[in-house]
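Participant:
Protein chains: 2
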Amino acid sequence: MNEHDDPHAHKHPAHVDGLSVVAVIGDGQLARMTQTAAIELGLSLRLLAGTDNSSAAQVTADVVVGDYTNLDDLLRAVDGATVVTFDHEHVPQEHLAVLASRGVNLQPGPGALKYAQNKLAMRTMLAEHGLPVPVFAEITGAHDAGAFWDLVQSRVCVKAASGGYDGKGVWFPGSKQEMIELVDRLLSDGVQVLAEEKITLTRELSAMVARRPSGETKVWPVVESVQEDGICTTAIAPAPGISDTLARTAQDIAVTIAGTLGVTGVMAVELFEFTAPDGTQRVSINELAMRPHNTGHWTQDGCVTSQFEQHIRAVADAPLGDTSPTADYTCMVNVLGADTDPEMGIKARVREVWKRFPEAKIHLYGKDWRPGRKLGHVTIAASDRSPKKLLADTRCAAGFLMHARWEDGYTTTG
Amino acid sequence: MNEHDDPHAHKHPAHVDGLSVVAVIGDGQLARMTQTAAIELGLSLRLLAGTDNSSAAQVTADVVVGDYTNLDDLLRAVDGATVVTFDHEHVPQEHLAVLASRGVNLQPGPGALKYAQNKLAMRTMLAEHGLPVPVFAEITGAHDAGAFWDLVQSRVCVKAASGGYDGKGVWFPGSKQEMIELVDRLLSDGVQVLAEEKITLTRELSAMVARRPSGETKVWPVVESVQEDGICTTAIAPAPGISDTLARTAQDIAVTIAGTLGVTGVMAVELFEFTAPDGTQRVSINELAMRPHNTGHWTQDGCVTSQFEQHIRAVADAPLGDTSPTADYTCMVNVLGADTDPEMGIKARVREVWKRFPEAKIHLYGKDWRPGRKLGHVTIAASDRSPKKLLADTRCAAGFLMHARWEDGYTTTG
Ligand SMILES: Nc1ncnc2c1ncn2[C@@H]1O[C@H](COP(=O)(O)OP(=O)(O)OP(=O)(O)O)[C@@H](O)[C@H]1O
Ligand SMILES: Nc1ncnc2c1ncn2[C@@H]1O[C@H](COP(=O)(O)OP(=O)(O)OP(=O)(O)O)[C@@H](O)[C@H]1O
Ligand SMILES: [Mg+2]
Ligand SMILES: [Mg+2]
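In the order they appear, the protein sequences are chains P and S. First residue of the first sequence: 6, per the working numbering; consecutive thereafter. First residue of the second sequence: 6, per the working numbering; consecutive thereafter.
(1) Starting from Asp398 of chain S, follow its DSSP beta bridges and name the residues at the other end.
(2) Let me know if Gln122 of chain S comes out buried or exposed under the rule of 16 or more other beta-carbons within 10 Å of its beta-carbon.
(3) Tell me whether Asn291 of chain P counts as near ligand 1, meaning its Cβ is closer than 7 angstroms to at least one heavy atom of that ligand.
(4) Could you say which of S:Ala353, S:Asp322, S:Asp77, S:Gly146 lies nearest to Val188 of chain S if we only look at CA atoms?
(5) Compare the C-alpha of Leu2 of chain P against each of P:Ala62, P:Leu266, P:Arg287 and name the closest.
(6) Would you give the residue range spanned by the alpha helix (DSSP H) that Thr265 of chain S belongs to?
(7) For the beta strand (DSSP E) that contains Ile30 of chain P, what are its first and last residues?
(8) Below 8 angstroms on C-beta distance, what does Trp359 of chain P contact in chain S?
(9) Nearest chain P C-beta to Val64 of chain S closer than 8 angstroms, yes or no?
(10) Could you check whether Met407 of chain S and Leu325 of chain S sit closer than 8 angstroms to each other, using their CB atoms as the reference points?
(11) Return the residue from the list S:Met38, S:Ala66, S:Cys308 that minimises the CA-CA distance to Glu45 of chain P.
(12) Assuming Tyr120 of chain S is part of the beta strand (DSSP E), what are its boundary residues?
(13) Can you give the Cα-Cα distance for Glu292 of chain P and Phe362 of chain P, rounded to whole angstroms?
(14) Strictly under 8 angstroms for the Cβ-Cβ distance: is Gly47 of chain P near chain C by that measure?
(15) Just the Cα atoms here: how many angstroms apart are Ala142 of chain S and Lys181 of chain S?
(16) With a cut-off of 8 angstroms, does the C-beta of Arg216 of chain S fall near any C-beta of chain P?
(17) Along chain S, in chain order, which residues have C-beta atoms closer than 8 angstroms to that of Ile241 of chain P?
(18) Mark Lys379 of chain P as exposed unless 16 or more other C-beta atoms lie within 10 angstroms of its C-beta, in which case mark it buried.
(19) Quick one, which residues of the segment 336-359 of chain S are near chain P if we go by CB-CB under 8 angstroms, in chain order?
(20) Any residue with its C-beta under 5 angstroms from a non-hydrogen atom of ligand 1 counts. Can you list them all in chain order?
(21) Give the straight-line distance between the Cα atoms of Gly31 of chain P and Val83 of chain P, rounded to the nearest whole angstrom.
(22) Could you tell me which of S:Leu191, S:Asp72, S:Thr239, S:Leu76 sits nearest to Val383 of chain S, measuring between CA atoms?
(23) Sorted by chain position, which residues of the same chain lie with C-beta nearer than 8 angstroms to Tyr370 of chain P's C-beta, five sequence neighbours on each side aside?
(24) Write down the C-beta distance between Met184 of chain S and Thr300 of chain S rounded to the nearest angstrom, noting that I regard them as a contact closer than 8 angstroms.
(25) Return the first residue and the last residue of the beta strand (DSSP E) that Arg216 of chain P is part of.
(26) Is any beta-carbon of chain S found at less than 8 angstroms from that of Asp234 of chain P?
(27) Using 8 angstroms as the threshold, is the C-beta distance between Ala397 of chain S and Tyr334 of chain S below it?
(28) As a quick exercise: from S:Leu111, S:Trp359, S:Leu156, S:Lys124, pick the residue whose alpha carbon is nearest that of Thr399 of chain S.
(29) In terms of DSSP beta bridges, what is Pro330 of chain P paired with?
(30) Judging by CA-CA distance, which residue of P:Ala54, P:Thr56, P:Leu53, P:Ala28 is the nearest neighbour of Ala43 of chain P?
(31) What residue range is occupied by the uninterrupted beta strand (DSSP E) comprising Asp155 of chain P?
(32) List, in chain order, every chain P residue whose beta-carbon is nearer than 7 angstroms to that of Ile367 of chain S.
(33) Near Asp194 of chain S, what residues of its chain come up, given a Cβ to Cβ distance below 7 angstroms and the 5 sequence neighbours on each side ignored?
(34) Per the DSSP calculation, Asn339 of chain S is bridged to which residue(s)?
(35) If you draw a straight line from the C-alpha of Glu209 of chain P to the C-alpha of Ile290 of chain P, how long is it?
(36) With distances taken Cα to Cα, identify the nearest neighbour of Gly246 of chain S among S:Val227, S:Ser159, S:Ala200, S:Gln256.
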């Protein structure tokens, strides 16, 4: 489908003749940051947004307000779009199938997306292709649960197969009994359940790749990510101290998955790094995200081509951009809503951070405060300090935005 | 004035509680690129735009459509704004005075802006402060014209004191007679005229600075710019081969002017580099732009803090960002509308450029083609090639976007 096929497509001044109309299903910070990349490319996104003041809708002129679980709303949003993409994995497969059957250009397509929507399908597919995944099994009752507990010698991680994010939908039961009770509860709630071996991690990595429908792929440097309470809070690129071999392995895994599953756009492969019995560092795949990803935010400020620009290029099947870093290390730390919103307003907090760190790039998503909510992130790209110092600085900056206090006790005197 | 002072201020979902509402008078590419910077900072601009499909209005949710020469339209646009700034110099001083008298927070203020609006006032003020400017004089009749012609030994440049841009309003008469006729015509059209010595340029430079109302300033590396037919077409930063002394001199001039005139926000000081009689390289001031400037576009892709982000920070009186470059050299070339619009569509041209130069950053302004119109620019930041090669590559990329042909004869074989 191209923008001239449908004479009934609604025209909007946001879209220049001759350029793609890129529709994004979703209205969060990923869509918002994709919009800034789009604007510089001469485009502007079409959004399907839940409300007109959501993070992305605030900054987009062509907004369809609606519900991504409602087929009619989806159809309104994709009307006249050159290509349709997503800022989350939650559009129901049955609706994707209808859109695809009507010739809507979905990137990534339903066939790939299902592996981002269902962790059991994903693990099964990756294992079939010989890719490294933790030992896993679907759990359909108490018997399975107990057997799996014994199989992995009590090192168990239980997951909801779909619908989880930010660690919601991931559990580490402390006993076989606890596991059985958890599984029973989930199953009776209609949740599909899988269990996997709880890996003793060295750290978590992320290998990001972009792939075009016509096949070209480009990888970014492998990132180290830190999760706290299941939420990604920190990413540093490249992963400090990673061997060339391991980095290459991680990138190859990402490229292989993208090609095997026919993924288009940007994909993040979340990886566990662990020490193998022979003492070497290895990786095992955690999960896949088929969209820009939190561990790729650093690319906005530390890379020739950001993940957001690359996603647009990739889904539009345009040649991909250079993914070289522009500094030795780039660190990104999320700004999460603190348990209590500090008395000092966000505007004043931003100023304090800029005063101390003129090199800090502050990104805010236009969201109201709520404890634990991702409200923004801070990035510092640097070639003048160690990764350790960079991490400390960036954490300090993000910490101040959250809590209005310097975690390292810094004070200005004078 | 702050955003909570006026309970009648119109609320718009684009503006998050507690953050600044930055209103921009103007709707061109400078406002558009300021909007992308604003979005990442958690803001969104309010615009006074001529039409809802102008370059910036396309990508902004809170748009007041109106005329910047109409006071009522200006008042509607600034209603409830924390700070008001500009993407051009053309708001009439009498309206600026009214806004200022009503307590509207204008940055830069009318007192500074008048020197960007009138080249005669600017030259007079700079000369009074002992800053280097070409020999100049106001021309009020044939007698003045003839005398000035003789004074500078026929090396004359005639300018309209106000209203010029992209070389419109600049003339180089070839004879005294031609000068007198030109001046007569301009004066009888009601144009205020100045004449200045036509400098034998080594090259043109641009020194950019940002200044906050409370006084902090930050400069960027000095840029070499190339004008063709009076239009800036190319900029490279830092200016290749510039001595530290000359660069420092240029930056000091910019800081001095900003402080002396009370400029706030970003200012570009356009400079002529020339060889003094003693053989040394010197600079003389051409003109001032009190806003983001074409010679600062390179900062989007080659600098820690872009001129657009810095402008927002400066006019909001927030601490300024680091202006370190992220590559050895960054080159920016404008994409101007060609005499005939090539048959190959812009989408296809973009793809060809990305295919050949994956490192090229393409910025398009959402404007329709018109010969000579600034439609976009291409930037390449690089540490892997000489400034000469970088210039050639960037020109080639921009040239393809304009003409759908490689100026260096490049062809893909295969
Ligand atoms: N098998 C495992 N072994 C050890 N830790 C695990 C395992 N599975 C998950 N975790 C931990 O839990 C975190 C969240 O798991 P997962 O990525 O599956 O959940 P999610 O809610 O989908 O997260 P996301 O926000 O990335 O979508 C992981 O980043 C990791 O820290
Ligand atoms: N005195 C001079 N001597 C030599 N060349 C000059 C002189 N004044 C102007 N020029 C040339 O003409 C160009 C345009 O002049 P100027 O910057 O004053 O005009 P403008 O129309 O205001 O341009 P802009 O688009 O920068 O606003 C300069 O960049 C320079 O190349
Ligand atoms: Mg995860
Ligand atoms: Mg000029």
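Positions of the beta carbon are idealized from the N, C-alpha and C atoms, including for glycine.
Facilitator: Based on what the coordinates show:
(1) In the DSSP output, where bridge partners are listed per residue, Asp398 of chain S has none listed.
(2) Buried, because 16 or more other Cβ atoms sit within 10 Å of the Cβ of Gln122 of chain S.
(3) In this structure, the C-beta of Asn291 of chain P approaches ligand 1 to less than 7 angstroms from one of its heavy atoms.
(4) S:Gly146
(5) Because chain P is modelled from 6 through 419, residue 2 of chain P falls outside the range shown and cannot be assessed.
(6) 249-266
(7) Taken as a continuous stretch (DSSP letters only), the beta strand (DSSP E) holding Ile30 of chain P covers 27-30.
(8) Arg318, Ala323, Pro324, Leu325, Gly326
(9) yes
(10) No, the pair does not count as a contact, with Cβ atoms beyond the cut-off.
(11) S:Met38
(12) Premise fails: Tyr120 of chain S lies in the alpha helix (DSSP H), 115-122, not in any beta strand (DSSP E).
(13) 34 angstroms
(14) Going by chain labels, chain C is absent from the structure shown, which instead holds the protein chains P and S.
(15) 16 angstroms
(16) no
(17) Residues of chain S passing the Cβ test: none, with the nearest at roughly 17 angstroms.
(18) buried
(19) Cβ contacts with chain P come from Gly350, Ile351, Lys352, Val355, Arg356, Trp359.
(20) P:Pro139, P:Cys162, P:Gly169, P:Tyr170, P:Asp171, P:Gly172, P:Val175, P:Glu201, P:Lys203, P:Ile204, P:Gln232, P:Gly235, P:Glu292
(21) 12 angstroms
(22) S:Thr239
(23) Gly33, Gln34, Arg37, Ser60, Lys379, Leu380, Gly381
(24) At roughly 29 angstroms, the Cβ-Cβ gap does not stay under 8 angstroms, so Met184 of chain S and Thr300 of chain S are not in contact.
(25) 208-216
(26) Using beta-carbon distances, Asp234 of chain P does not count as an interface residue toward chain S, since no partner is under 8 angstroms.
(27) no
(28) S:Trp359
(29) P:Cys308
(30) P:Ala28
(31) From DSSP, Asp155 of chain P is part of no beta strand (DSSP E) but of the alpha helix (DSSP H) over 147-156.
(32) Leu46
(33) none
(34) S:His382
(35) 10 angstroms
(36) S:Val227
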